[in-house]
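FYI, full-length UniProt numbering numbers position 104 of the sequence shown as 104, with every residue one higher than the one before it.
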Amino acid sequence: MIPSHSSCVLVIEPDDTLANQLAFDLQEAGYDAIVAHDAASGLQQCRDASSGQSHRQPALIVVDRMLTGESGLSLCRNIRTIGYCSPVLILMARDTVDDRVACLEAGADDYILKPYRAEDFLKLIRLYLKPDVDTNEQLRFGDLVLDISIRRAIYNSRGIDLTMKEFELLKFFMEHPREVLTREQILENVWGYDFLGESNVIEVYIRYLRLKIEEEGQKRLIQTVRGVGYVLRES
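Pasting the structure below:
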């Protein structure tokens, strides 16, 4: 399925051959591809897009975990630090629980395994760049509103930009208000992964949401239930 409009994908990949292949496959599938070969130029592309200095706004970013001089995970953290909310996918060679957790903790939305397979890659790209459903649906919890169509939260009339995973996590809470949700329920429904052992991915994203929602000293809505999980409630 060819996109109805040309979504822009930023590829940050140091290997020329792989970078060219990714760009070619993206363009063949109808996407606009921008290639950066190192962390510094990739981050600058994001800064330019955020500040409006570039007319090419990446709707999704692909980052190789192994970058020259800086890890892809560190770059991902920097991308999130400057406030960039587009989905970020990490290219990585190993698929262990620790590797998956490291990617998510860095702020990535998902990962792509090497060796590179165009079909799997484009399937994931389409998943994250599928057109928004034309809906006016909103979820409400007190003064907190989640607009499903634009994936944005509003709290006490203040707009809150969310990454895709932050949106999905908040949406899950707002679909189950005042219900204590276990860590296992959250992992299965938001990330879809069966993590083994201990992982602080949920804690990391809960912290992200709390920082954004409580930015101006608002009361805590996502509360910890020790030994069980989390709950969305007023007090």
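Built from N, CA and C at the ideal position, the CB exists for glycine as well.
Buried or exposed by the 16-neighbour rule on C-beta atoms within 10 Å, applied to residue i
i, result
"S51", "exposed"
"L196", "Because L196 sits at a pLDDT of 48, beneath the cut-off of 50, its placement in the model cannot be relied upon, and the following sentence gives the value as read from the coordinates. Looking at its Cβ environment, which holds fewer than 16 other Cβ atoms inside 10 Å, L196 is exposed."
"V190", "buried"
"S7", "buried"
"S235", "exposed"
"I150", "exposed"
Counterpart residues of residue i in DSSP-defined beta bridges
i, result
"P58", "C8"
"R140", "V145"
"M174", "Answer by DSSP bridge pairing: none, since M174 is not bridged."
"T224", "Y230"
Coarse secondary structure for residue i, derived from DSSP in three states
i, result
"R77", "helix"
"Q21", "helix"
"N71", "Just to set this straight, residue 71 is Ser in the shown sequence, not Asn. Strand, per DSSP."
"K27", "A small fix is needed here, since residue 27 is Gln in this sequence, not Lys. Three-state DSSP puts Q27 in a helix."
"I2", "Note that I2 has pLDDT 38, beneath the 50 cutoff, so the model's placement of it is unreliable and the number below is only indicative. Correct three-state label for I2: coil."
Range of the contiguous alpha helix (DSSP H) that encloses residue i
i, result
"Q185", "R183 to I186"
"M66", "Element bounds for M66: n/a, residue is neither H nor E."
"V204", "V201 to I213"
"R126", "A118 to Y128"
"G42", "A39 to S51"
"R233", "Premise fails: R233 is in no alpha helix (DSSP H) and is neither H nor E."
"R100", "V97 to E105"
Sub-9 Å separation of residue i and residue j beta-carbons
i, j, result
"I61", "I112", "no"
"Y116", "L91", "yes"
"residue 238", "I82", "A query on residue 238 cannot be resolved here, the shown segment of the chain reaching from 1 to 235 and no further."
"T63", "D32", "Here the sequence assigns Val to residue 63, which means Thr is not the residue at that position. Taking 9 Å as the Cβ cut-off, V63 and D32 do not qualify as a contacting pair."
"L169", "L209", "yes"
Limits of the beta strand (DSSP E) - the one that residue i falls within
i, result
"V88", "V88 to M92"
"A36", "D32 to A36"
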